[in-house]
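Residue numbers for the sequence shown follow this note's numbering, so the first one is 23 and each next one is one higher. All C-beta atoms, glycine included, are put in the ideal place defined by N, C-alpha and C. Predicted model only: the values in this text are computed from it and were never measured. Presented below is the structure to which this report refers.
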Amino acid sequence: MPEETSINLPKSLSHFLVQSDLDYKNSLSSIPLFDVKRTIFWDDNLRKMFASIFYHLRGHFINFLWYVANFADNEASKQIIIQNIYEEIGIGNRFSHEKLYERFAKECGVDIHDEIVNETNYMPFAKEFNKAHLSWLAQHDPKDHLCAFAAYERLDNLDYPFLVELAKSMKISQHGMTFFNVHTHVDHFDTTLQLIVPIWEESPQRLIESFDFIQTHQLRMWEQFSNVLFH
């Protein structure tokens with residue numbers, strides 16, 4: 023469970039986050055995709071399918087970030103998004119997350135450059151997943167955008183421990199595991215607290231509804247992804 027920062031959270035917000043995390047993790051644990059007793063038996067074809075499809079489920083997040091940043095109504099929100107992008111492309115001598123994913127993908131026989139250019143395995147459910155994010159943003163205001171971004175980043179801390187175990191079951195090397203391990207330590211959600219606490223104090227329903235959309239949408243995606251791989 024993500025740890026809270028030194029920012030003094032309202033008890034009601036802290037309770038909401040704890041319960042929200044618990045509900046989401048319970049739902050996640052029931053999805054076959056995250057049952058390592060099953061994924062340990064994946065053959066090369068299923069490993070390749072997972073790596074190629076998952077690329078599109080995470081690789082198009084830049085469009086979400088671009089939308090939120092461009093329609094933000096304050097400098098602080100823009101800076102949070104810019105910092106997120108900066109970390110994605112690699113700070114200093116660090117590898118970009120794309121290059122880290124490429125390590126993993128290569129072990130699974132996937133060329134991410136083909137996926138970037140030709141979108142060979144960009145499946146309809148994945149396209150709908152990404153499009154629905156943008157559609158939701160188009161129907162909401164900048165405060166809601168920030169709440170949705172915070173919710174999305176919160177899920178990284180919940181999804182990636184499951185994804186680490188999944189990747190381990192696929193017998194990925196430590197070199198290839200770096201992408202997943204890095205994402206278990208990200209703290210992008212914490213950077214949003216200074217902005218979402220005032221939103222919560224003004225209108226808790228904004229955050230609740232944004233989290234509900236992001237979590238429900240994400241769980242549906244994982245279920246669809248699981249169905250594709252275990253059809």
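- Note that the stretch 194 to 202 does not touch the stretch 160 to 170; fewer than 3 beta-carbon pairs, one per stretch, sit closer than 8 Å.
- Taking the Cα positions, N85 is about 8 Å away from L156.
- Unbroken alpha helix (DSSP H) stretches of 4 residues or longer found wholly inside the stretch 53 to 108: 58 to 61, 66 to 81, 83 to 92, given in chain order.
- Judged by their CB atoms, F147 and N179 are not nearer to each other than the 8 Å cut-off.
- Note on geometry: alpha-carbon atoms of A91 and I104 lie some 8 Å from one another.
- Closest in C-alpha terms to L241, from the list H78, S42, I134, Y46, comes Y46.
- The beta carbon of K165 lies closer than 7 Å to those of I221, R228 in the same chain, with the five residues before and after it left out.
- Y108 sits exposed, since fewer than 16 C-beta atoms from the chains shown fall within 10 Å of its C-beta.
- Contact annotation: E187 and I53 have beta-carbon atoms that are not nearer than 8 Å.
- The alpha carbon of W88 has as its nearest neighbour, out of K100, Y77, L79, the alpha carbon of K100.
- For N106, the closest of A127, E124, T238, F83 by C-alpha to C-alpha distance is F83.
- Less than 8 Å divides the Cβ of T206 from the Cβ of P183.
- Cβ-Cβ distances below 7 Å link L251 to L55, L68, M71, F72 in the same chain, with the five nearest sequence neighbours on each side left out; the list follows chain order.
- Secondary structure at R116: coil, using DSSP grouped into helix, strand and coil.
- When the beta-carbon positions are compared, T61 and S232 stay at least 8 Å from each other.
- Around the CB of A98, fewer than 16 other CB atoms lie within 10 Å, so the residue is classed as exposed.
- Out of E141, N96, H119, the CA that lies nearest to the CA of V208 is found in H119.
- The Cβ neighbour count for H253, taken over all protein chains shown within 10 Å, is under 16; the residue is labelled exposed.
- Here P32 is not near E224, since their CB atoms are 8 Å or more apart.
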